[in-house]
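Have a look at the structure below, then the notes.
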């Protein structure tokens with residue numbers, strides 16, 4: 001592979017994109033965070049864009065609490081599934097490019113960008129487009145996995161995202177899991193650079209500290225896990241597996 005492009009058929013080989021319960025839980029966490037960030041009234045009036053919506057399960061939940069939700073994805077098969085499963089009048093799905101959003105400047109109150117940046121050929125351009133389309137007082141829900149996550153989130157293999165890319169390709173081939181490792185994760189420093197044009201409201205420690213409020217009991221399902229996660233995020237934030245940030249425009 002000489003050029004890294006889009007993963008056009010990502011939903012076909014990824015069972016997580018079809019896992020209804022797991023995707024619904026993520027959507028409820030998004031809504032809890034966004035309600036705190038914006039307030040219930042602004043949330044109810046919001047025009048939402050979900051970048052990388054895949055099969056539309058998350059959008060189906062979002063549509064129950066917002067004015068309108070639009071989901072886009074480069075994966076045409078996923079968009080067709082999304083249209084079949086979610087027919088709410090205030091929801092729409094389009095095949096679209098995260099690096100060239102087909103929406104007017106400042107047209108969206110909320111943009112969802114959850115676990116997407118590592119799949120996009122140019123995440124910097126994606127963030128430029130998100131900033132352009134976001135309303136002046138809007139927010140972007142940005143959930144991101146850290147490159148230093150020991151167990152890589154897509155293949156569930158240790159150190160896959162940490163080792164050099166050429167090694168990661170070989171790692172997958174040796175295990176018969178694929179020929180190329182497409183994802184490109186960033187470190188905390190890289191993620192801060194990626195979102196440098198935004199103000200960051202960090203919800204990471206909040207969603208861990210109060211799993212009932214934010215619907216994250218599936219992540220922190222015991223008191224011991226909660227204590228360990230809380231200590232980790234405060235003492236070694238740079239290597240915490242993932243982050244939940246709410247981004248807003250500077251100025």
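In the UniProt record's numbering, the protein residues as written are 1 to 251. Beta carbons are placed, not taken as given, at the ideal position from N, Cα and C, and that holds for glycine.
8 Å contact criterion, which residue i and residue j should meet: CB distance rounded
i: residue 144; j: residue 243; result: 5 Å
i: residue 130; j: residue 51; result: 7 Å
i: residue 155; j: residue 114; result: With 8 Å as the limit, residue 155 and residue 114 do not qualify as a contact, their Cβ atoms being about 19 Å apart.
i: residue 205; j: residue 163; result: Between residue 163 and residue 205 the Cβ distance is about 29 Å, and since that is not below 8 Å, they are no contact.
i: residue 56; j: residue 86; result: 5 Å
i: residue 43; j: residue 35; result: 5 Å
i: residue 54; j: residue 73; result: 6 Å
Straight-line gap, residue i to residue j (C-alpha atoms, nearest Å)
i: residue 121; j: residue 214; result: 31 Å
i: residue 75; j: residue 8; result: 5 Å
i: residue 133; j: residue 112; result: 12 Å
i: residue 195; j: residue 180; result: 27 Å
i: residue 19; j: residue 77; result: 16 Å
i: residue 17; j: residue 146; result: 20 Å
i: residue 228; j: residue 90; result: 41 Å
i: residue 148; j: residue 124; result: 20 Å
i: residue 1; j: residue 182; result: Its pLDDT being 37, under 50, residue 1 is placed unreliably by the model, and the measurement read from it follows with that caveat. Roughly 10 Å between the two C-alpha positions.
i: residue 248; j: residue 174; result: 43 Å
i: residue 22; j: residue 172; result: 25 Å
i: residue 11; j: residue 226; result: 32 Å
Beta-carbon proximity check, residue i vs residue j, cutoff 8 Å
i: residue 94; j: residue 79; result: yes
i: residue 98; j: residue 126; result: yes
i: residue 88; j: residue 67; result: no
i: residue 139; j: residue 110; result: yes
Residues near residue i in its chain [Cβ-Cβ closer than 7 Å; skip 5 each side]
i: residue 152; result: 160, 161
i: residue 116; result: 51, 52, 98
Min CB distance residue i to chain D below 8 Å
i: residue 137; result: Absent here is chain D; the protein component of the structure consists of one chain.
(Q) Quick check on the DSSP output: what are the complete beta strand (DSSP E) runs of length 3 or more inside the segment 185-240, in order along the chain? (A) Taking only runs of at least 3 residues, the beta strand (DSSP E) segments lying wholly in the segment 185-240 are 198-202.
TODO: Ignoring anything shorter than 4 residues or poking outside the UniProt domain "Methyltransferase type 11" (49-142), list the alpha helix (DSSP H) runs there in chain order.
DONE: The UniProt domain "Methyltransferase type 11" (49-142) contains these whole alpha helix (DSSP H) runs: 57-62, 76-85, 123-133.
List in chain order: all unbroken alpha helix (DSSP H) runs of 4+ residues lying wholly within the segment 149-187. Whole alpha helix (DSSP H) segments, 4+ residues: 165-174.
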